[in-house]
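Peer 1:
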Amino acid sequence: MGLRQLDVVTATGIQPGRMSLIENEHVQPTQRELELIEEFFTTVQKRGHDPQALRSATVNL
Numbered sequence: 207m208g209l210r211q212l213d214v215v216t217a218t219g220i221q222p223g224r225m226s227l228i229e230n231e232h233v234q235p236t237q238r239e240l241e242l243i244e245e246f247f248t249t250v251q252k253r254g255h256d257p258q259a260l261r262s263a264t265v266n267l
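Its first residue numbered 207, the sequence shown is counted upward by one per residue in this note's numbering.
#1: Could you name the residues of the same chain whose beta carbon sits closer than 8 Å to that of Val214, not counting the 5 residues immediately before and after it, in chain order?
#2: Could you spell out where the alpha helix (DSSP H) holding Val215 opens and where it closes?
#3: Taking 8 Å as the cut-off, decide whether the C-beta atoms of Ile228 and Glu239 are in contact.
#4: To the nearest angstrom, report how far apart Pro222 and Asn230 are at their CA atoms.
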């Protein structure tokens, strides 16, 4: 998709260290974190696969 972890954490407000722990399955994400991540990727799918447009995707915190 052309995304970086920074794109996801910027859009969701989840701290980079926390996102790394989630990605590497060291911790379970909270319900709210799951909602934020899902909302981000739903937005990404709607906007297509243009990395520049994807980096501007944000979700409501």
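All C-beta atoms in this analysis are idealised placements derived from N, C-alpha and C, irrespective of residue type, glycine included.
Peer 2: Judging by the given coordinates:
#1: Ile220, Met225, Ile243 and Phe246
#2: Gln211 to Thr218
#3: yes
#4: 12 Å
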